[in-house]
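Heads up, the sequence shown is in full-length UniProt numbering, so the first residue is 1 and it goes up one at a time.
What follows is a short report on a single structure.
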Amino acid sequence: MSSRGQKQKWTEELNCPICLEIFTEPVTLKCGHNFCRFCITHSWSEQLKGTCPECREVNSGNQLKPNRTLVNLSNEARELKSPQNKEMRDCDKHSEELKLFCETDKKLICIMCLIDADGQSHKSHDLMLIEKAAEIYKDKLKSSFDPVIKRNEAVLLTESEQKEKISALKEQVSRLAKHVTAEFGKMHQSLYDREQRVIRELRQREQEILQRMEKNLGEIRGSLVSLQQKFSELKKQMEKDAFTFLRDENTRKRRVSEEYVKLSLSEGDLPVGIYTGPVQYAAWRDMRHIISPAPAALTLDPDTAHPELILSEDL
Numbered sequence: 001m002s003s004r005g006q007k008q009k010w011t012e013e014l015n016c017p018i019c020l021e022i023f024t025e026p027v028t029l030k031c032g033h034n035f036c037r038f039c040i041t042h043s044w045s046e047q048l049k050g051t052c053p054e055c056r057e058v059n060s061g062n063q064l065k066p067n068r069t070l071v072n073l074s075n076e077a078r079e080l081k082s083p084q085n086k087e088m089r090d091c092d093k094h095s096e097e098l099k100l101f102c103e104t105d106k107k108l109i110c111i112m113c114l115i116d117a118d119g120q121s122h123k124s125h126d127l128m129l130i131e132k133a134a135e136i137y138k139d140k141l142k143s144s145f146d147p148v149i150k151r152n153e154a155v156l157l158t159e160s161e162q163k164e165k166i167s168a169l170k171e172q173v174s175r176l177a178k179h180v181t182a183e184f185g186k187m188h189q190s191l192y193d194r195e196q197r198v199i200r201e202l203r204q205r206e207q208e209i210l211q212r213m214e215k216n217l218g219e220i221r222g223s224l225v226s227l228q229q230k231f232s233e234l235k236k237q238m239e240k241d242a243f244t245f246l247r248d249e250n251t252r253k254r255r256v257s258e259e260y261v262k263l264s265l266s267e268g269d270l271p272v273g274i275y276t277g278p279v280q281y282a283a284w285r286d287m288r289h290i291i292s293p294a295p296a297a298l299t300l301d302p303d304t305a306h307p308e309l310i311l312s313e314d315l
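See below:
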């Protein structure tokens with residue numbers, strides 16, 4: 001096999017089985033398989049948590065062990081795949097190899113830039129070798145990963161809780177519907193129309209509440225998609241070679257914003273008392289004209305009432 005073919009095969013073996021890209025922050029499961037931390041975390045949020053996507057073995061405790069060796073190999077693989085265009089590595093002004101990074105001006109410079117009398121001198125500026133600069137600035141950018149990952153996990157948890165509340169609401173409505181049906185079943189067939197009217201009202205309330213809850217769930221998922229896109233953008237920046245990465249440093253946003261819209265859960269509060277209260281009495285009150293005996297007005301006589309009974313004039 002040619003050297004080029006060997007390098008290609010070697011770099012392909014460093015691809016994450018989920019995203020099929022070179023590992024980013026690789027972690028190892030107890031079963032021995034490796035994945036990007038974000039990829040396996042996201043996979044577990046959508047499938048059975050703790051199960052390896054490769055061998056389906058259950059990893060008790062959901063432990064993710066960082067793989068330092070893979071980190072180094074993945075970085076080397078990215079360097080092999082990065083474009084080695086010499087023109088990109090030469091100074092536009094002096095055609096010399098770019099070897100330094102000016103922290104003051106946030107730009108790549110060559111040795112001639114330090115002694116150029118015609119242009120702006122960088123002698124008094126803070127300078128460092130490009131590889132060292134790339135390492136430092138990538139570490140700074142990496143600090144933005146944790147807030148995104150934590151926010152992603154929080155949104156996934158909120159999504160799960162919202163789903164549970166939707167399920168609980170549906171179960172509650174189902175129980176209430178059975179309760180209402182049982183109560184009306186104790187009455188005469190003539191109460192059938194009343195029963196159906198109450199059930200329709202309950203279903204309508206369910207739809208109104210579910211509409212609000214589903215809308216809130218959509219906003220939660222939208223926030224999740226936005227976070228995943230943000231993580232993908234950060235991941236792409238981290239995969240750039242040192243020159244491309246530092247060339248864009250002057251225009252790169254200094255830090256990923258951690259200001260997100262606070263999400264809340266939409267509650268499924270039903271007026272339970274309407275359906276669990278004196279249902280039969282409410283129906284009876286509407287049907288007094290067909291109920292026997294019907295209620296009769298009482299007239300209290302103060303002369304024959306109990307001596308301790310006090311009657312008001314407005315009775």
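Heads up, the beta-carbon is just placed ideally off N, CA and C, and yes, glycines get one too.
It should be emphasised that the depicted structure is a prediction, and the values quoted were computed from it without experimental measurement.
query, result
"Below 8 angstroms, how does it come out for the segment 103-114 and the segment 211-227: are there three or more Cβ pairs, yes or no?", "no"
"Would you please state the rounded distance, in angstroms, between the beta carbons of alanine 77 and phenylalanine 101? I believe it to be under 8 angstroms.", "Rounded, the Cβ-Cβ distance is 23 angstroms, inconsistent with contact."
"In whole angstroms, give me the CA-to-CA distance for phenylalanine 243 and valine 225.", "30 angstroms"
"Distance, Cα to Cα, proline 278 vs glutamate 57?", "54 angstroms"
"Excluding the five sequence neighbours on either side, which residues of its own chain have a C-beta within less than 8 angstroms of the C-beta of aspartate 269, listed in chain order?", "Ile209"
"Measuring alpha carbon to alpha carbon, tell me which of Phe23, Lys65, Arg89 and Cys16 ends up nearest glutamate 54.", "Cys16"
"What's the call for serine 232, buried or exposed, on a 16-neighbour Cβ count within 10 Å?", "exposed"
"Taking its Cβ as the centre, do 16 or more other Cβ atoms sit within 10 Å of glutamine 204, making it buried, or is it exposed?", "exposed"
"State the beta-bridge partners of methionine 128 as determined by DSSP.", "Phe101"
"Decide if threonine 104 is buried, meaning its Cβ has at least 16 other Cβ atoms within 10 Å, or exposed.", "exposed"
"Take leucine 169 and list the residues in its own chain whose beta-carbon comes closer than 8 angstroms to its own, dropping the five residues that flank it on each side.", "Glu206, Ile209, Leu210, Met213, Gly268 and Leu270"
"State the DSSP-derived secondary structure class of isoleucine 22, mapped to helix, strand or coil.", "strand"
"In terms of alpha-carbon separation, which member of Asn152, Ile40 and Ser124 lies closest to residue 319?", "Outside the displayed range of the chain (1 to 315) lies residue 319, so it cannot be described from this structure."
"Measure the Cβ-Cβ separation of lysine 99 and isoleucine 130 and say whether it is below 8 angstroms.", "yes"
"Leucine 234 and valine 148: beta carbons closer than 8 angstroms?", "yes"
"Return the CA-CA distance between glutamate 25 and lysine 49, expressed in angstroms with no decimal places.", "19 angstroms"
"Do you know whose CA, among Arg285, Ser160, Ile40 and Lys30, lies nearest leucine 265's CA?", "Ser160"
"By how many angstroms is the C-alpha of leucine 227 removed from the C-alpha of aspartate 146?", "12 angstroms"
"In or out: valine 27 buried (at least 16 other Cβ within 10 Å) or exposed?", "buried"
"Start and end of the alpha helix (DSSP H) containing isoleucine 115?", "112-115"
"In this structure, how does DSSP classify cysteine 36 when only helix, strand and coil are distinguished?", "strand"
"So what's asparagine 72 in DSSP terms, helix, strand or just coil?", "helix"
"What span of residues does the alpha helix (DSSP H) with isoleucine 209 cover, start to end?", "192-238"
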